[in-house]
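**Student:** Right, I'll just put the structure down here and ask away after.
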Amino acid sequence: MALTLPAHPDPLADRIHASGLLPELAHGLGGPFHYLLPERFDANLAAFRAALAEAGVEGRVYYAKKANKASVLMDRCAAAGAGVDVASIGELRDALGHGVRGEDLVVTGPAKSDELLRVAALQGALIAVDAPDELDRLLTLGGPRPPRLLLRVHPPAQPRSRFGLDEAQLDEALRRCAAAGDAVRMEGFSFHLSGYAVRPRAELAAELVELCLKARVLGLQADRISIGGGFAVDYVPADAWRTFLAEQGPGHYHAGKSFAPEDFYPYHSPVAGSDALRAVLATEGTGGRSLAEQLRRAGVMLLLEPGRALLDRAGSSVFRIQGVKDRDGYGIVTVDGSSLSLSEQWFNSEYLPDPVLLTGRGGDPGQPYPACVGGASCLDSDLLTWRKIAFPTRPHPGDLLVYPNTAGYQMDSNESPFHELPLPPKVVIDLPDGGRRPRWRLDR
Ligand SMILES: Cc1ncc(COP(=O)(O)O)c(C=O)c1O
């Protein structure tokens, strides 16, 4: 039996599917494509800002650009005055080129290149220092204005993380910043935690508030902390997720493949997106004070760098079926793209929300048909979905498969033109009011 894991209902996606636009685009573009709904990005950004305002906390949201390369997202950040978290010179250039101001950038990532540090400092971007030698390079940079920096803290609860400065390195960095005087602006501290748990974020944030107070004694500015990203996205309903985790096993996958449940993204999260920020801000520390209250009392601004959560339901990936064949009680559907356009490979895992089959064929719905989904490459391991999907009917060549809610990391983080397959273009879709037909343009 195939296990189902449908994404949460999405009326905007239903409207697009019903409009007939996707088959037209598949025909016109001649290959797989991704579509983006920037209005969803705007709404998610507004929801994060509202959570800060409700808690009475001064804060700033920086979109973590690595989660999706689309230009339209930079346009939206620039228009909304939102910040952008960049981790390479390419990301920094792209953000600036779309009108995001240098002072609205935070530069993260390990061992930043000299060029990245130089341009970031010239542009007045905030630089999260990850290592002592990075601080050395910043202090000797010269230039017309002092570099703005945060010191990134190695998370004690994640001792195996390769990021951040440990306690001794932090002490030394603080001493060096204080000694540098006006040559540097030490604005505070940062971290990014793996996983999506609320409490560890609130607890480490509270420690960073204390660090700010300590740094101020040394004469440093230290008036902000960044708690990074890691605000969960809730893709599927609780019941379906629970059943899936309890029942999934090698029989549910092509070739008897098995996945460790802990390697799956937590596709259901009871507290997600801006509600996760609300929960972080409401978490009480040892003195019984919420994090929001601790931030206010200390006069510390809260920066955050959500990637995936700002892209929740802001786009999907569309593939055309090229072939279908039967194999030992299930089918192998092959699409016109590769699994690298649906990236979970870095996590020994696969993207689990069910793809939606758009057949455009009326009449007899036929029999349910379980099938895995392979890519158009010569690799046995190139499967978009190893799981046998419970298709409502046997798919046909020319039908479309829409993988829902893929804007956060799935679309383009691992994309590759392997086999000289073109990279799927991105289509920006606007949905006019009054139920009129969706409008589209290519993302440039
Ligand atoms: C420093 C930093 N900030 C923000 C993010 C974004 O995380 P997410 O997309 O889970 O919100 C990442 C992700 O790796 C990161 O490394």
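Take the position in the sequence shown, starting the count at 1, then add 963; the result is the number in the numbering used here. Every residue gets a Cβ at the ideal spot worked out from N, C-alpha and C, and that includes glycine.
Could you name the residues whose beta carbon sits closer than 6 Å to any heavy atom belonging to ligand 1, keeping them in chain order?
**Tutor:** Listed by chain position, these are A1027, A1030, D1048, T1071, H1155, G1191, G1192, G1193, F1194, E1268, P1269, G1270, R1271 and A1272.
**Student:** What does DSSP give as the partner residue(s) for A1091 in the beta ladder?
**Tutor:** For A1091, which the question treats as bridged, DSSP gives the partners L1113.
**Student:** Please report the residue range of the beta strand (DSSP E) in which H980 lies.
**Tutor:** Taken as a continuous stretch (DSSP letters only), H980 belongs to no beta strand (DSSP E), being part of the alpha helix (DSSP H) at P974 to S982.
**Student:** Cα separation between L1015 and L975?
**Tutor:** Distance between the alpha carbons of L1015 and L975 is about 27 Å.
**Student:** Starting from L1364 and walking both ways along the beta strand (DSSP E), at which residues does that stretch end?
**Tutor:** Where L1364 is concerned, the enclosing beta strand (DSSP E) stretches over L1363 to Y1366.
**Student:** Considering only residues of the same chain and omitting the five flanking positions on each side of A1339, which have a CB-CB separation below 7 Å?
**Tutor:** Closer than 7 Å at the Cβ level, and outside the excluded window around A1339, lie Q1285, T1297, V1298, D1299, G1300, S1301 and L1384.
**Student:** Which first and last residues belong to the alpha helix (DSSP H) in which D1077 is found?
**Tutor:** Taken as a continuous stretch (DSSP letters only), the alpha helix (DSSP H) holding D1077 covers D1077 to L1085.
**Student:** Could you give the first and the last residue of the continuous alpha helix (DSSP H) run that contains A1201?
**Tutor:** From DSSP, the alpha helix (DSSP H) with A1201 extends over A1201 to E1210.
**Student:** Please classify E1225: is it buried, with 16 or more other beta-carbons within 10 angstroms of its beta-carbon, or exposed?
**Tutor:** Classification for E1225: exposed.
**Student:** Note down, in chain order, each residue of its chain lying with its Cβ closer than 8 Å to the Cβ of P1358, except the 5 sequence neighbours on either side.
**Tutor:** Once the five neighbours on either side are set aside, the close Cβ partners of P1358 are I1284, V1287, G1294, V1296, L1320, T1322, Y1332, A1334 and L1364.
**Student:** Tell me the start and end of each unbroken beta strand (DSSP E) in the region 1253 to 1316 that is at least 3 residues and wholly inside, in chain order.
**Tutor:** The qualifying runs are 1264 to 1267, 1278 to 1290 and 1293 to 1298.
**Student:** With C1335 as the anchor, note down where its beta strand (DSSP E) starts and where it stops.
**Tutor:** Unbroken beta strand (DSSP E) run through C1335: Y1332 to G1337.
**Student:** So, under 8 Å CB-CB, V1161 and T1103 are touching, yes? Tell me the CB distance rounded to an integer number of Å.
**Tutor:** Actually they are not in contact, since the Cβ atoms of V1161 and T1103 sit about 40 Å apart, beyond 8 Å.
**Student:** Taking the alpha carbon of L1036 as the reference point, which residue from W1403, A1370, T1206 and S1124 has its own alpha carbon closest?
**Tutor:** That would be A1370, whose Cα lies nearest to the Cα of L1036.
**Student:** Going by DSSP in three states, S1034 sits in which element: helix, strand or coil?
**Tutor:** S1034 falls in the helix class under three-state DSSP.
**Student:** Which term fits R1123, buried or exposed, when burial requires 16 or more other beta carbons within 10 angstroms of its beta carbon?
**Tutor:** Answer is exposed; the Cβ neighbour count stays below 16.
**Student:** How many Å lie between Y1076 and G1062 at the Cα?
**Tutor:** According to the sequence provided, residue 1076 is Ser. The question's Tyr does not apply to it. Those two C-alpha atoms are separated by around 23 Å.
**Student:** Looking only at C-alpha atoms, which of A1030, F1011 and Q1132 sits nearest to R1023?
**Tutor:** Ranking the options by Cα distance to R1023, first place goes to F1011.
**Student:** When the Cα atoms are used, what is the spatial distance from A1237 to C1341?
**Tutor:** Position check: residue 1237 holds Ser in this sequence, whereas Ala was assumed. In a straight line, the C-alpha of S1237 is about 42 Å away from that of C1341.
**Student:** Would you give the residue range spanned by the beta strand (DSSP E) that V919 belongs to?
**Tutor:** Here the chain comprises residues numbered 964 to 1407, so residue 919 is not present and cannot be evaluated.
**Student:** Write down the C-beta distance between S1189 and S1157 rounded to the nearest angstrom, noting that I regard them as a contact closer than 8 Å.
**Tutor:** Not confirmed; about 16 Å, so no contact.
**Student:** Count Cβ pairs between the region 986 to 1001 and the region 1391 to 1399 that sit closer than 8 Å; are there 3 or more?
**Tutor:** Taking 8 Å as the limit for Cβ pairs, the verdict is that the region 1391 to 1399 does touch the region 986 to 1001.
**Student:** Just to confirm my understanding: we take E1150, look at its own chain, exclude 5 residues before and 5 after, and list those with CB closer than 8 Å. What are they?
**Tutor:** The answer, listed in chain order, is L1089, R1111, L1112, L1113, Q1184, A1185, D1186 and R1187.
**Student:** How about A1041 and L1008: do their beta carbons lie closer than 7 Å?
**Tutor:** The answer is no: Cβ separation not under 7 Å.
**Student:** How would you label R1056, buried or exposed, when you count the other beta carbons within 10 angstroms and need 16 or more for buried?
**Tutor:** Burial call: exposed.
**Student:** According to the Cβ coordinates, are P995 and F1194 closer than 7 Å?
**Tutor:** In this structure, F1194 does not lie closer than 7 Å to P995 by Cβ.
**Student:** Quick check: P1496 and V1147, are their CB atoms within less than 7 Å of each other?
**Tutor:** Outside the displayed span of the chain (964 to 1407) sits residue 1496, for which this structure offers no information.
**Student:** Assuming L1258 and V1172 make a contact with CB atoms under 8 Å, what is their CB distance in whole Å?
**Tutor:** Confirmed, Cβ separation roughly 6 Å.
**Student:** Given a threshold of 16 other Cβ atoms within 10 Å of its Cβ, counted over all protein chains shown, does E1130 qualify as buried or as exposed?
**Tutor:** When all chains shown are included, E1130 counts as exposed.
**Student:** Please list the segments of the beta strand (DSSP E) lying wholly inside the region 995 to 1054, counting only runs of 3 or more residues, in order along the chain.
**Tutor:** Fully enclosed beta strand (DSSP E) runs of 3 or longer: 996 to 999, 1022 to 1027 and 1046 to 1049.
**Student:** May I ask which residues mark the beginning and end of the beta strand (DSSP E) holding G1236?
**Tutor:** First-last for G1236: G1236 to A1245, but that is the alpha helix (DSSP H), not the beta strand (DSSP E).
**Student:** Where are the beta strand (DSSP E) runs, 3 residues long or more, that stay fully inside the region 1137 to 1172, in chain order?
**Tutor:** Here the runs fully enclosed are 1148 to 1153.
**Student:** Count the other CB atoms within 10 Å of the CB of W947; is the residue buried (16 or more) or exposed (fewer)?
**Tutor:** In the structure displayed, the chain extends from 964 to 1407; residue 947 sits before or after that span and is not available.
**Student:** Which stretch, first to last residue, makes up the beta strand (DSSP E) that contains D1186?
**Tutor:** Here D1186 belongs to no beta strand (DSSP E), and DSSP marks it neither H nor E.
**Student:** Per DSSP, what kind of secondary structure is V1063 in: helix, strand or coil?
**Tutor:** Three-state DSSP puts V1063 in coil, outside helix and strand.
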